[in-house]
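Q: Okay, handing you the structure first.
In the working numbering, the protein residues as written are 314 to 892.
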């Protein structure tokens, strides 16, 4: 017997299921709300058939007071139902926002399929739908038979007319779904892609402006936007026709109900009050369907948002938490590592083997696109391995909890990104830190004096992505962030690409301090100036490890004519590197 593949859990459905009780109560309240919605028809029936015929003012007063009191109860029930749905939507947001926030990052980080902030917008759309009129229509629609049944009690002909009207209106709702779903879904898809492209363009605004690319980029955006507008206009026009037909038909049916009731009253089959009550009840019976047609676009948007959220949560499983491990010493070992970048199919690193002992400083060199930065990301656990293992102190890197490991890791990426906040916030990694620790990190990175020259020193807001700072300043502050808290493993990717002589001197001093502190340091560089600060050199070329050994031996080997790839022995301990 074959085992069926296990489906990933539907977390979105499970979260909504926790509010099942609240939904049931909302449905119960809807029952009583719809029962009380019979009041206008019953009140009108009593006025025509009892009050006007008897001319009793006391009966009129009693009926009016009773109806007013019941209307107050109706308003209270509506308020409670609305409050329930608001709480359900808030619970949905609070239950999913952290999980969704992590899934957004993991999707872009590990799968190369990030959608920016679109998942959060989808959650907002879903939450707003849960508190809007469209959902009220879904709660009220099941009670349509109640109104039809009461109309049948007035007279069967009136009841059959009501059934015909409800069926026609419901058919229009189905037609509205069929003719608007495809263009609206396509418009939403193109709009999401267009917004992502615009966000990328804004991040490169300086290059676009400098090279006069704005007009060309704008044309491409406008072409997509025009497509979105055309699809939305098409759906709106189709939906508008259905909505107009629905409203006209509803008014026509209510008038026909009055006409039929008048005929039956003339024939003395029903009372004049029944004629008016039948028209009111028919309008109430058709109201939920009419509201569904009017809010169908919101429903489709919410349904699309639900589908995207469910797909994201199923595609990106929740991060697993492992037992906390002791603080790392800095030993790194690669075992037959193969790396495939997120969103790609081709490996950029193959068969990587090496071992780095705690406290070593390693330079990773090689031509562009050799896989150096990919190796750094894999060593840090940012990218998963397609095969093989990266081990930190003997444990696979994926078995370390990131919140436990993060404080012991320092990372300066090639493209330094600072976050919106103050310089202190960025250096302290947005955690609670003592000023002395922040200043010490800045001093070791050689950036303390530069920070003091800024308008508010360490409290200077730097804006999103650090736009108020030069590239060299951002890189030096990024270095201070990397060495903040005396991490045991520090990875620096082209740390001197934007530095002047003063910055390079500060960087060399920082490397010296890291070695003295016993940190394991990996430096990716194209400049020979940093090679004097390392113990061993790793040469990566064409996705494989070509050389790995003591600095002087590797440099001497590189000066010789090309030979087959090999690992060089270390003078301090046995070599463990092969290509």
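Cβ coordinates follow ideal geometry from the N, Cα and C atoms, glycine included.
Since we're looking at a predicted model, the values are computed, not measured.
Would you call residue 572 buried or exposed, if buried means 16 or more other Cβ atoms sit within 10 Å of its Cβ?
A: exposed
Q: What would DSSP say about residue 526, mapped onto helix, strand or coil?
A: coil
Q: If contacts are defined as beta-carbon pairs under 8 Å, then residue 605 and residue 450 qualify, I think. What distance do you get, rounded to the angstrom?
A: 5 Å
Q: In whole angstroms, what is the alpha-carbon distance linking residue 471 and residue 483?
A: Residue 471 and residue 483 have their C-alpha atoms spaced approximately 18 Å apart.
Q: Below 8 Å CB to CB, which residues in the same chain sit around residue 560 once its five sequence neighbours on both sides are set aside?
A: Once the five neighbours on either side are set aside, the close Cβ partners of residue 560 are 603.
Q: Measure the CB-CB distance between residue 707 and residue 852 and report whether it falls below 7 Å.
A: Between residue 707 and residue 852, the gap from beta carbon to beta carbon reaches 7 Å or more.
Q: So what's residue 840 in DSSP terms, helix, strand or just coil?
A: coil
Q: Under DSSP, the alpha helix (DSSP H) around residue 599 begins and ends at which residues?
A: 585–607 is the extent of the alpha helix (DSSP H) around residue 599.
Q: Could you round the C-beta distance between residue 641 and residue 705 to whole angstroms and report it? I think they count as a contact, below 8 Å.
A: 5 Å
Q: On the three-state DSSP scale, how would you describe residue 851?
A: strand
Q: Just the Cα atoms here: how many angstroms apart are residue 291 and residue 385?
A: Residue 291 lies beyond the range of the chain shown here (314 to 892); nothing can be said about it.
Q: Would you say the beta carbon of residue 508 comes nearer than 6 Å to a heavy atom of the ligand GDP?
A: In the structure on display, the ligand GDP does not appear, and there are no ligands present to speak of.
Q: Under 8 Å Cβ to Cβ from residue 325, same chain only, skipping five residues before and after it: list those, please.
A: So the list reads 409, 619, 622, 623, 626, once near-sequence residues are dropped.
Q: Would you kindly work out how many angstroms separate the C-alpha atoms of residue 766 and residue 828, rounded to a whole number?
A: 29 Å
Q: Use the C-beta contact count for residue 721: other C-beta atoms within 10 angstroms, 16 or more gives buried, fewer gives exposed.
A: buried
Q: Can you find the residues in the same chain that come closer than 7 Å, C-beta to C-beta, to residue 494, ignoring five residues on each side of it along the sequence?
A: If we look at residue 494 and ignore the five residues flanking it on each side, its Cβ neighbours are 613.
Q: Once you ignore the five residues that flank residue 885 on each side, which residues in its own chain have a CB closer than 6 Å to its CB?
A: For residue 885, the predicted structure reports a pLDDT of 39, less than 50, and the residue's modelled location is therefore unreliable. The matter cannot be settled from this model.
Q: According to DSSP, is residue 695 helix, strand or coil?
A: coil
Q: Pairs of beta-carbons, one from the segment 322–336 and one from the segment 367–385, closer than 8 Å: are there three or more?
A: no
Q: For residue 743, which of helix, strand or coil comes out of DSSP?
A: coil
Q: Is the distance from the Cβ of residue 834 to the Cβ of residue 843 below 7 Å?
A: The answer is no: Cβ separation not under 7 Å.
Q: Could you tell me the distance, in whole angstroms, from the CA atom of residue 850 to the CA atom of residue 714?
A: 29 Å
Q: Compute the beta-carbon to beta-carbon distance between residue 723 and residue 830, rounded to the nearest angstrom, for a pair I have assumed lies under 8 Å.
A: That pair is no contact at about 11 Å.
Q: Do you know how far the Cα of residue 400 is from the Cα of residue 331?
A: Distance between the alpha carbons of residue 331 and residue 400: 12 Å.
Q: Give me, in chain order, the residues of the same chain whose beta-carbon lies closer than 8 Å to that of residue 760; leave out the 5 immediate sequence neighbours on both sides.
A: 786, 789, 790, 792, 793, 819
Q: Take the Cβ of residue 859 as the centre, count every other Cβ of all protein chains shown within 10 Å, and call the residue buried at 16 or more, exposed below.
A: buried
Q: Report the residue ranges of all alpha helix (DSSP H) runs contained in full by the segment 704–791; include only those spanning at least 4 residues, in chain order.
A: Qualifying alpha helix (DSSP H) stretches, in chain order: 715–718, 736–740, 748–757, 761–765.
Q: May I have the straight-line CA-CA distance separating residue 368 from residue 611, to the nearest angstrom?
A: 49 Å
Q: For the candidate residues 578, 653, 747, whose alpha-carbon lies nearest to that of residue 899?
A: For residue 899 there is no data in the structure shown, the boundaries of the chain being 314 and 892.
Q: So the candidates are 514, 861, 855, 809; which of them puts its Cα closest to the Cα of residue 841?
A: 809
Q: So residue 864 is in the beta strand (DSSP E); what residue range does that whole segment cover?
A: Counting along the chain, residue 864 falls outside any beta strand (DSSP E), though it belongs to the alpha helix (DSSP H) covering 864–872.
Q: So the candidates are 710, 716, 737, 822; which of them puts its Cα closest to the Cα of residue 758?
A: Closest in C-alpha terms to residue 758, from the list 710, 716, 737, 822, comes 822.
Q: Would you report the Cα separation of residue 297 and residue 856, rounded to the nearest angstrom?
A: Examination of residue 297 is not possible in this model, given that the chain is present from 314 through 892 alone.
Q: When DSSP builds the beta bridges, which residues end up paired with residue 858?
A: In DSSP, residue 858 forms a bridge with 853.
Q: For the segment 536–544 against the segment 449–468, are there 3 or more C-beta pairs whose distance is under 8 Å?
A: no
Q: Taking Cβ positions, are residue 686 and residue 727 nearer each other than 7 Å?
A: yes
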